[in-house]
Amino acid sequence: GQVRNMATLKDITRRLKSIKNIQKITKSMKMVSAAKYARAERELKPARVYGTGALALYEKAEIKAPEDKKKHLLIGVSSDRGLCGAIHTSIAKTLKNEISNLTNAGKEVMVVGVGDKIRGLLQRTHSSYFLLTFREVGRRPPSFGDASVIALELLNSGYEFDEGSVIYNRFRSVISYKTDEKPIFSLETVAGSESLSIYDDIDADVLRNYQEFTLANILYYSLKESTTSEQSARMTAMDNASKNASEMIDKLTLTFNRTRQAVITKELIEIISGAAAL
Numbered sequence: 600g601q602v603r604n605m606a607t608l609k610d611i612t613r614r615l616k617s618i619k620n621i622q623k624i625t626k627s628m629k630m631v632s633a634a635k636y637a638r639a640e641r642e643l644k645p646a647r648v649y650g651t652g653a654l655a656l657y658e659k660a661e662i663k664a665p666e667d668k669k670k671h672l673l674i675g676v677s678s679d680r681g682l683c684g685a686i687h688t689s690i691a692k693t694l695k696n697e698i699s700n701l702t703n704a705g706k707e708v709m710v711v712g713v714g715d716k717i718r719g720l721l722q723r724t725h726s727s728y729f730l731l732t733f734r735e736v737g738r739r740p741p742s743f744g745d746a747s748v749i750a751l752e753l754l755n756s757g758y759e760f761d762e763g764s765v766i767y768n769r770f771r772s773v774i775s776y777k778t779d780e781k782p783i784f785s786l787e788t789v790a791g792s793e794s795l796s797i798y799d800d801i802d803a804d805v806l807r808n809y810q811e812f813t814l815a816n817i818l819y820y821s822l823k824e825s826t827t828s829e830q831s832a833r834m835t836a837m838d839n840a841s842k843n844a845s846e847m848i849d850k851l852t853l854t855f856n857r858t859r860q861a862v863i864t865k866e867l868i869e870i871i872s873g874a875a876a877l
């Protein structure tokens, strides 16, 4: 019993040490995320204007893709970094549902993955749907330049989609976000809209430039929303992890003290009974 208790004490000490080390990491990650979140939230307010401004045309002109148009594009916005709760899995889940619904409706679907996590989550089951994937997302705050690169790559990919949607996490508060989607349309769909025929002086070049700019705007807005959601979720996740580590440390310390007490008591009994035998 004595040897077993000593071994248990060694195990508990080892576990305590590793949990304390993990807690140091989670605490520092929480602090880093808090700083990044504060910056992301500050930059989100002006970025939201880009999104609403870009979508105003689609809404005012009541643009809709004709039913017979088959090609649909889905853009999933995640990042390269984990440890942030269900941020990436909720995007993957929405993408899977959309792919299933659209293919059942007879549409041709292609996916653009923004961030390594979304590629990893869908690689095994839906790799055939990927048109493009983008990495190095989330290491630094997203800029309009990043969104423009994605928009240009997409427009130069040769895939002539009719309509599509950008799936991203919309930031609501420090403790909540909502997986949302925003519509995007091809140049042909926008040009063919009945409401646009009211305006005489919109030539093809103006429309094409506006289309590219709108796509970049919506992507920029989605990247900013997703980044803010991700940083707040990581901050919450790391805070919870630190609290859980504290609880485990308390429980293990208690177990350690009880076990050590049992060892000391046993040794005392042995000494006393040894003395009595003399």
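Going by the working numbering, the first residue of the sequence shown is number 600, and it counts up by one from there.
We put the beta carbon where it would ideally sit given N, CA and C, even for glycine.
All of these numbers come straight from a predicted model, not from anything done at the bench.
Three-state secondary structure assigned by DSSP to residue i
{"i": "Pro645", "result": "helix"}
{"i": "Lys669", "result": "coil"}
{"i": "Gly712", "result": "strand"}
{"i": "Ile848", "result": "helix"}
{"i": "Gly675", "result": "strand"}
{"i": "Glu707", "result": "strand"}
{"i": "Ile783", "result": "strand"}
{"i": "Lys626", "result": "helix"}
{"i": "Val838", "result": "The displayed chain sequence assigns Asp, not Val, to residue 838. Reduced to three states, the DSSP call for Asp838 is helix."}
{"i": "Gly681", "result": "coil"}
{"i": "Ile801", "result": "coil"}
{"i": "Glu887", "result": "With the chain represented from 600 up to 877, any question about residue 887 goes unanswered, as that position is not in the structure."}
{"i": "Gly791", "result": "coil"}
{"i": "Glu829", "result": "helix"}
{"i": "Glu661", "result": "coil"}
{"i": "Leu694", "result": "helix"}
Residue j beta carbon less than 8 Å from that of residue i
{"i": "Ala836", "j": "Ile621", "result": "no"}
{"i": "Ile817", "j": "Val773", "result": "no"}
{"i": "Gly763", "j": "Ile674", "result": "yes"}
{"i": "Ile848", "j": "Ile618", "result": "yes"}
{"i": "Asp610", "j": "His671", "result": "no"}
{"i": "Ala653", "j": "Thr813", "result": "yes"}
{"i": "Tyr728", "j": "Ile698", "result": "yes"}
{"i": "Lys706", "j": "Lys659", "result": "no"}
{"i": "Gly744", "j": "Gly714", "result": "no"}
{"i": "Ser747", "j": "Ala815", "result": "yes"}
{"i": "Tyr767", "j": "Val708", "result": "no"}
{"i": "Arg614", "j": "Asp679", "result": "no"}
{"i": "Leu851", "j": "Phe770", "result": "no"}
{"i": "Ala840", "j": "Thr625", "result": "yes"}
{"i": "Glu811", "j": "Ala750", "result": "yes"}
{"i": "Met834", "j": "Ser632", "result": "yes"}
Contact with chain B by residue i, beta-carbon distance below 8 Å
{"i": "Gly757", "result": "Among the protein chains of the structure shown there is no chain B, as only one such chain exists."}
Selected residue, minimal CA-CA separation from residue i, among the options
{"i": "Arg723", "options": "Ser792, Asn604, Leu643 and Lys695", "result": "Lys695"}
{"i": "Ser785", "options": "Arg857, Tyr809 and Ser742", "result": "Tyr809"}
{"i": "Glu780", "options": "Tyr820, Lys668, Lys842 and Pro741", "result": "Tyr820"}
{"i": "Val710", "options": "Ser828, Lys659, Thr732 and Lys823", "result": "Thr732"}
{"i": "Ala664", "options": "Lys777, Val708, Leu608 and Ile783", "result": "Ile783"}
{"i": "Ala637", "options": "Lys850, Thr827 and Leu877", "result": "Thr827"}
{"i": "Ser689", "options": "Val708, Ile662, Thr702 and Leu721", "result": "Leu721"}
{"i": "Glu829", "options": "Gly712, Ile624 and Gly681", "result": "Gly681"}
{"i": "Asp804", "options": "Ser794, Glu869 and Ala790", "result": "Ala790"}
{"i": "Arg603", "options": "Ser747, Ala861 and Arg771", "result": "Ala861"}
{"i": "Gly684", "options": "Asn703, Arg807, Lys716 and Arg738", "result": "Lys716"}
{"i": "Met630", "options": "Ala832, Ile749 and Glu793", "result": "Ala832"}
{"i": "Glu640", "options": "Lys823, Asp838 and Thr854", "result": "Lys823"}
{"i": "Ile662", "options": "Thr854, Lys842, Asn856 and Ser792", "result": "Ser792"}
{"i": "Thr612", "options": "Thr858, Glu866 and Lys865", "result": "Thr858"}
{"i": "Arg879", "options": "Arg614, Leu751, Leu867 and Ser825", "result": "Any question about residue 879 goes unanswered here, given that the chain covers just 600 to 877."}
{"i": "Leu656", "options": "Leu806, Leu877 and Met834", "result": "Leu806"}
{"i": "Leu788", "options": "Lys777, Glu759 and Ser775", "result": "For the record, residue 788 in the displayed sequence is Thr; it is not Leu. When each option's Cα is compared against that of Thr788, the closest is Glu759."}
{"i": "Met605", "options": "Phe855, Ala874 and Glu869", "result": "Phe855"}
{"i": "Leu730", "options": "Leu867, Pro741 and Asn755", "result": "Asn755"}
{"i": "Lys635", "options": "Thr702, Glu666, Ile686 and Pro741", "result": "Pro741"}
{"i": "Leu701", "options": "Ile801, Glu666 and Ser775", "result": "Glu666"}
{"i": "Ile891", "options": "Lys616, Tyr776 and Gly873", "result": "Because residue 891 is not part of the residues shown, which for the chain are 600 to 877, the question remains open."}
Residues that DSSP places opposite residue i in a beta bridge
{"i": "Arg769", "result": "Lys777"}
{"i": "Ser764", "result": "Leu673 and Pro782"}
Closer than 7 Å: residue i CB and nearest the ligand HEM heavy atom
{"i": "His671", "result": "The ligand HEM is not among the ligands present in this structure, which contains no ligands whatsoever."}
Inset, instruction - Any chance you could list the beta strand (DSSP E) runs of at least 3 consecutive residues sitting entirely within the stretch 718 to 762, in chain order? - result: 729 to 733
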